[in-house]
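Residue numbers (my numbering): 1232 to 1387.
Idealized CB from N, CA, C, for every residue including glycine.
Input: a single structure, listed below in structure tokens.
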Amino acid sequence: MGASRLYTLVLVVQPERVLLGMKKRGFGAGRWNGFGGKVEEGETIEDGAKRELQEECGVTTDALHKAGRILFEFEGEPERMEVHIFRTDSIQGTPTESDEMRPQWFPLDRIPFADMWPDDSYWFPLLLQKRKFHGYFKFQGQDTILDYQLHEVADT
1232 MGASRLYTLV LVVQPERVLL GMKKRGFGAG RWNGFGGKVE EGETIEDGAK RELQEECGVT
1292 TDALHKAGRI LFEFEGEPER MEVHIFRTDS IQGTPTESDE MRPQWFPLDR IPFADMWPDD
1352 SYWFPLLLQK RKFHGYFKFQ GQDTILDYQL HEVADT
């Protein structure tokens, strides 16, 4: 296996609802997802998560809670993605559309899993229950999971 690159993903979860963004361009375009991206050189993972949240939907937070870490491998791609997943229930500002994402609130009983990454339905329930997890997903293309592992952990 090749090298991995650090990424972040932030889910804003409030009582009875979750904020997702429709990815408008680039990797994952056409899917609902949390907010995140690459960690830039010189910034911490948490600082990268906060920056991406602000850039992609215009809100800020002081309270990120580490939920999990997933390593993604895409068949034929040399670089793996190490994604650090955070949740927050406290944001400042109003979610606003950006060049990259169109934010929308969804009731917790109507999360659009059919229009999200296929792995989300595996780990999202753990995140909603505030349970911490580590995982690995191997994809063929962007729609087919070839292999996966997912387990709860005491600390991320």
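On the DSSP letters alone, give me the boundaries of the beta strand (DSSP E) that residue i sits inside.
| i | result |
| --- | --- |
| Lys1255 | Where Lys1255 is concerned, there is no enclosing beta strand (DSSP E), given that its DSSP letter is neither H nor E. |
| Ala1298 | His1296 to Phe1305 |
| Glu1383 | Thr1375 to Glu1383 |
| Leu1240 | Ser1235 to Gln1245 |
| Trp1336 | Met1332 to Pro1338 |
| Phe1355 | Segment Asp1351 to Leu1359 is the alpha helix (DSSP H) holding Phe1355; no beta strand (DSSP E) there. |
| Gln1371 | Phe1364 to Gln1371 |
Measure the alpha-carbon distance for residue i versus residue j and round it to whole angstroms.
| i | j | result |
| --- | --- | --- |
| Leu1295 | Gln1245 | 13 Å |
| Leu1381 | Ser1329 | 32 Å |
| Thr1292 | Ile1322 | 5 Å |
Say whether chain E places a C-beta atom closer than 8 Å to the C-beta of residue i.
| i | result |
| --- | --- |
| Asp1346 | The chain labelled as chain E is not found in the depicted structure, where only one protein chain is given. |
Once the 5 residues before and after residue i are set aside, which same chain residues still bring their CB inside 7 Å of it?
| i | result |
| --- | --- |
| Met1347 | Arg1262, Trp1263 and Asn1264 |
| Val1384 | Lys1363, Phe1364 and His1365 |
| Glu1271 | Gly1279 |
Could you give the first and the last residue of the continuous alpha helix (DSSP H) run that contains residue i?
| i | result |
| --- | --- |
| Phe1317 | First-last for Phe1317: Arg1311 to Thr1319, but that is the beta strand (DSSP E), not the alpha helix (DSSP H). |
| Glu1283 | Ile1276 to Cys1288 |
Within its chain, find whatever has a CB closer than 6 Å to the CB of residue i; leave out the 5 residues flanking it on each side and keep chain order.
| i | result |
| --- | --- |
| His1183 | The displayed coordinates of the chain run from 1232 to 1387. Any statement about residue 1183 would go beyond what the structure contains. |
Sufficient close CB pairs (3 or more, under 8 Å) joining the region 1365 to 1380 to the region 1266 to 1285 | Note that the region 1365 to 1380 does not touch the region 1266 to 1285; fewer than 3 beta-carbon pairs, one per stretch, sit closer than 8 Å.
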